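Presented below is the structure to which this report refers.
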Amino acid sequence: GNSVTQMEGPVTLSEEAFLTINCTYTATGYPSLFWYVQYPGEGLQLLLKATKADDKGSNKGFEATYRKETTSFHLEKGSVQVSDSAVYFCALSDSWSGSEKLVFGKGMKLTVNP
Amino acid sequence: DVKVTQSSRYLVKRTGEKVFLECVQDMDHENMFWYRQDPGLGLRLIYFSYDVKMKEKGDIPEGYSVSREKKERFSLILESASTNQTSMYLCASTLRGLEADTQYFGPGTRLTVL
């Protein structure tokens, strides 16, 4: 079945450091890919998404490119801030099958120190 | 903005009790989901619903049931709570169709079963 594998951390960075969180997937059909973020004490919220190969999703300085050839959707940010401290989840949906469910990775906790 | 609310942020129950977790969304979404979130395991789907009175099992339905009598409300029921159901429970909703894969989450209910 469909699955998502992502870096699990936890990861601690200093402010203004470069961030990469790796995410690879296994899926049949043509999945859409997502990054969700969970700030402390809150539910998940959509950070960015890409619906087809070579699409780039971007939001709040974060970017991720849908790479079908490497089945990857790595999240990057050039300069992290303390406010980026959160748990990050990679996810996919299989739009081909018409399924409206998401499959999530295990999440990665990021702490950014001043 | 879409708003998904959950009846309690924190809940403490005793083993064997019947527990109701309520979720309400205010954007007329067709699809609603219940997940549990555990450290190292990420989000796992318990049940979901595509319409009123309709339910489908997710990946870990054992020990849970659900009810969807109105479109805006989706209840998760623990018939006889056990300590291994101590977890964070997250509700989500989404439209059907092109935007079906973007899920909107509530803040979560942290349930402790003693």
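Protein sequences, first through last, are from chains A and B.
Just so you know, the first sequence maps onto residues 50 to 163 in the numbering used here.
Just so you know, the second sequence maps onto residues 3 to 116 in the numbering used here.
The beta-carbon is built from N, C-alpha and C at its ideal position, and this holds for glycine as well.
The structure displayed is predicted, hence computed values, not measured ones.
Residue i, enclosing beta strand (DSSP E) - first and last residue
{"i": "B:ARG112", "result": "111-115"}
{"i": "A:SER52", "result": "52-55"}
{"i": "B:VAL68", "result": "66-72"}
{"i": "A:VAL152", "result": "151-153"}
{"i": "B:LEU43", "result": "Careful: B:LEU43 lies outside any beta strand (DSSP E) and carries neither H nor E."}
{"i": "B:ASN86", "result": "No beta strand (DSSP E) holds B:ASN86; DSSP gives it neither H nor E."}
{"i": "A:GLN87", "result": "80-87"}
{"i": "A:LYS105", "result": "105-108"}
{"i": "B:VAL6", "result": "6-8"}
{"i": "A:LEU97", "result": "93-99"}
{"i": "B:PHE76", "result": "75-80"}
{"i": "B:MET56", "result": "Taken as a continuous stretch (DSSP letters only), B:MET56 belongs to no beta strand (DSSP E), as it is neither H nor E."}
{"i": "A:ILE70", "result": "68-70"}
{"i": "A:SER63", "result": "60-63"}
{"i": "A:THR114", "result": "111-114"}
{"i": "A:LYS158", "result": "157-162"}
Residues near residue i in its chain [Cβ-Cβ closer than 8 Å; skip 5 each side]
{"i": "A:SER146", "result": "Since pLDDT at A:SER146 reaches only 48, below the 50 mark, its modelled position is unreliable, and the value read off the structure follows with that caveat. THR77 and GLY78."}
{"i": "A:GLY110", "result": "LYS126, GLY127 and SER128"}
{"i": "B:TYR52", "result": "GLU32, ASN33, GLU58 and ARG98"}
{"i": "A:ALA66", "result": "SER128, VAL129 and VAL161"}
{"i": "B:LYS55", "result": "ARG70 and GLU71"}
{"i": "A:LYS117", "result": "ALA102 and ASP103"}
{"i": "A:PRO89", "result": "SER134 and ALA135"}
Assumed close pair residue i, residue j - CB separation to whole angstroms, cut-off 8 Å
{"i": "A:GLN55", "j": "A:CYS139", "result": "4 Å"}
{"i": "B:PHE22", "j": "B:SER95", "result": "That pair is no contact at about 18 Å."}
{"i": "B:GLN105", "j": "B:PHE35", "result": "7 Å"}
{"i": "A:LEU82", "j": "A:PHE122", "result": "4 Å"}
7 Å CB neighbourhood of residue i in its chain, flanking five on each side removed
{"i": "B:THR85", "result": "THR17 and VAL115"}
{"i": "B:GLU74", "result": "VAL26, GLN27 and ASP28"}
{"i": "B:GLU19", "result": "ALA83"}
{"i": "A:TYR137", "result": "ILE70, TRP84, VAL86, LEU124, GLY156, MET157 and LEU159"}
{"i": "B:PRO109", "result": "GLN8 and ARG11"}
{"i": "B:THR88", "result": "LEU113, THR114 and VAL115"}
{"i": "B:ASP61", "result": "ARG46 and LEU47"}
{"i": "A:GLY58", "result": "MET157, LYS158 and LEU159"}
Buried/exposed call for residue i, threshold 16 Cβ in 10 Å
{"i": "B:LYS59", "result": "exposed"}
{"i": "A:LYS150", "result": "buried"}
{"i": "B:TYR66", "result": "buried"}
{"i": "A:ALA135", "result": "buried"}
{"i": "A:ALA99", "result": "buried"}
{"i": "A:ALA102", "result": "exposed"}
{"i": "A:GLY106", "result": "buried"}
6 Å CB neighbourhood of residue i in its chain, flanking five on each side removed
{"i": "A:ASN108", "result": "LEU96 and LEU97"}
{"i": "B:VAL14", "result": "THR114"}
{"i": "A:LEU68", "result": "LYS126 and VAL129"}
{"i": "A:ASP133", "result": "VAL161"}
{"i": "A:PRO163", "result": "GLU64 and VAL131"}
Contact with chain C by residue i, beta-carbon distance below 8 Å
{"i": "A:LYS150", "result": "Within the model displayed, chain C is absent; protein chains A and B are what it includes."}
Fully enclosed by the stretch 10-39 of chain B, which alpha helix (DSSP H) runs are 4 residues long or longer? For the alpha helix (DSSP H) assignment, the stretch 10-39 of chain B encloses no uninterrupted run of at least 4 residues.
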